[in-house]
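Protein chains in written order, with my numbering: chain A, 459 to 729; chain B, 459 to 729. Ideal Cβ positions, reconstructed from N, Cα and C, are used throughout, including at glycine. Here's the structure, in structure tokens; my notes come after.
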């Protein structure tokens, strides 16, 4: 038996949602788990009942729920756990990459990089190799794809030594960071990250294409700053980024033109 | 009559996609507009035909397309225009807000703020007032919602003078910035921004709730830094942010608790 959270101890919540009913039975009913994993009553009704059903007795014993209970049950501890995760990932704004910004030329951080990828998806999704793409899943992958770098740090795309154990380091980081979430969301975020890393689906291939296209674009608009700083040559740029074509043949054709122009302009060594 | 782009002038593109056919008729056929706005042939076939159909004669006259033609026609100028937009909005990373980061305590910029909002949506969408929410549209709104600040600058949430003409300034900015995109995307992005600003739909109400919840959270985790810097008091925080409840009653209840704790800890003046 599990104790339901005592909603009455939450003064502010009850000011917003005064108890409408003190019926013990009503609360028992809506918190019943559905073994099939599907709510047998419309979610609107469950949500409304729970949202206004703050009148249960403190410490009332409810049945232990099965893993798939109605998802709309309000659990203050679940929200608090999610907020701790949201505060933790604020650190992504402190992880700096080798790419520099077009105007100020300061190094870009992972959080603003991730935002730029999302914006690029909204703008360029029509150029993916598949006319029907699940854009929401592409965005989800890109929003979370660099969180592992909070622990593992950014690995420069041309850092061969760093790339050797990159996935191993990032996998440990994924365990800790996604593990801060409630278990169902740990699984969901980890599955998105694993899909992104494996590049086996149209969505992950396009997400990875955008993740490589964006730094190439910024390099080309900053006279090859990151390439010059690290002595990166044309052949390595081509080898490292050619998988863009797996996600978007059109973006890769554009990227190849950018590289040719960068070599012609002397911003990238031709080797 | 409109001239189709001369694909043969694009050397690198043709290296990737050598012309398979020089049939003028084939190209005319696939570029025919469909007045209903729906492609009468599967989009995969249109895309493939166009992708390999680079053999049309330079300057061949094609019929003027209706507004809704098949979206998969490859237009190098359209991609180039989209890329100019993507480079322009790199400036969002240089627009700094009053909120400071949890760890380094430097001011946050609009790009990383926008990423954080997306991450919060993925984590907290279950707490929206509506169990069924179009999460993709929420994300789209949040990804583009601050682009207008590239021209209009960030207006601090408690800057009464700045807020007086904020929407007017931002509307002019929206005309210029979204106007850099191809016309169909200008309309799409502008409609998303207008929806966000109007807060009339469940999606925009939840997006706006997250946009207010995140700076409150960062303020509370930095001993009220931005509030202290500007002498903001409790009553103004409540008045400015209470619309969070329109998007998520649960997040607003949580936010009210945070405010009470900040006042108790002396990080926010109680007035």
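Is the CB of residue i under 7 Å away from at least one CB in chain B?
i	result
residue 580(A)	yes
residue 595(A)	no
residue 679(A)	yes
residue 572(A)	yes
residue 569(A)	yes
residue 717(A)	no
Expressed to the nearest angstrom, what Euclidean distance is found between the alpha-carbon atoms of residue i and residue j?
i	j	result
residue 625(B)	residue 563(B)	29 Å
residue 607(A)	residue 650(A)	16 Å
residue 599(A)	residue 553(A)	18 Å
residue 700(B)	residue 721(A)	55 Å
residue 676(B)	residue 547(B)	25 Å
residue 708(A)	residue 674(B)	42 Å
residue 725(A)	residue 628(B)	37 Å
residue 584(B)	residue 575(A)	25 Å
residue 592(B)	residue 643(B)	20 Å
residue 717(B)	residue 658(B)	26 Å
residue 602(B)	residue 692(A)	34 Å
residue 541(A)	residue 656(B)	27 Å
residue 539(A)	residue 535(B)	48 Å
residue 715(B)	residue 696(B)	11 Å
residue 605(B)	residue 565(B)	18 Å
residue 690(B)	residue 619(B)	15 Å
residue 572(B)	residue 597(A)	13 Å
residue 556(A)	residue 728(B)	45 Å
residue 633(B)	residue 561(A)	22 Å
residue 609(A)	residue 630(A)	9 Å
residue 667(B)	residue 687(A)	42 Å
residue 706(A)	residue 645(A)	29 Å
residue 590(A)	residue 653(A)	18 Å
residue 613(B)	residue 568(B)	11 Å
residue 586(A)	residue 698(A)	19 Å
residue 582(B)	residue 719(A)	44 Å
residue 704(A)	residue 578(A)	17 Å
residue 537(A)	residue 532(B)	46 Å
residue 641(B)	residue 685(B)	41 Å
residue 611(A)	residue 712(B)	32 Å
residue 662(A)	residue 672(B)	28 Å
Going by the beta-carbon positions, is the gap between residue i and residue j smaller than 7 Å?
i	j	result
residue 648(B)	residue 636(B)	yes
residue 418(A)	residue 702(A)	In this structure chain A extends from 459 to 729, so residue 418(A) is not present and cannot be described.
residue 660(B)	residue 710(B)	no
residue 638(A)	residue 543(A)	yes
residue 551(A)	residue 681(B)	no
residue 549(A)	residue 616(A)	no
residue 558(B)	residue 723(B)	no
residue 580(B)	residue 594(A)	no
Give the residues of chain B in contact with residue i, contact being defined as C-beta atoms less than 7 Å apart.
i	result
residue 562(A)	552
residue 708(A)	532 and 537
Does the CB of residue i have a neighbour CB from chain A at under 7 Å?
i	result
residue 577(B)	yes
residue 544(B)	yes
residue 624(B)	no
residue 497(B)	Caution applies to residue 497(B), whose pLDDT of 35 falls short of 50 and renders its modelled position unreliable; the value that the coordinates give is listed next. No, residue 497(B) lies away from the interface with chain A (no Cβ there is under 7 Å from its Cβ).
residue 539(B)	no
residue 601(B)	yes
residue 615(B)	no
Give me whichever residues DSSP pairs with residue i in a beta bridge.
i	result
residue 554(B)	567(B)
residue 691(A)	727(A)
In chain A, which residues lie less than 8 Å from residue i when you measure between Cβ atoms?
i	result
residue 549(B)	560 and 561
residue 664(B)	Correct list: empty, because the minimum Cβ distance to chain A is about 14 Å.
residue 566(B)	551
residue 643(B)	581
Going by the C-beta, is residue i closer than 6 Å to any heavy atom of the ligand MN?
i	result
residue 646(A)	Here there are no bound small molecules, and the ligand MN is not part of this structure.
Using a cut-off of 9 Å between C-beta atoms, extract the partners of residue i located in chain A.
i	result
residue 688(B)	Chain A residues near residue 688(B): none, gap ~21 Å exceeds 9 Å.
Whose Cβ in chain B lies nearer than 8 Å to the Cβ of residue i?
i	result
residue 675(A)	541, 544 and 545
Which residues in chain A have a C-beta closer than 7 Å to the C-beta of residue i? List them in chain order.
i	result
residue 585(B)	537
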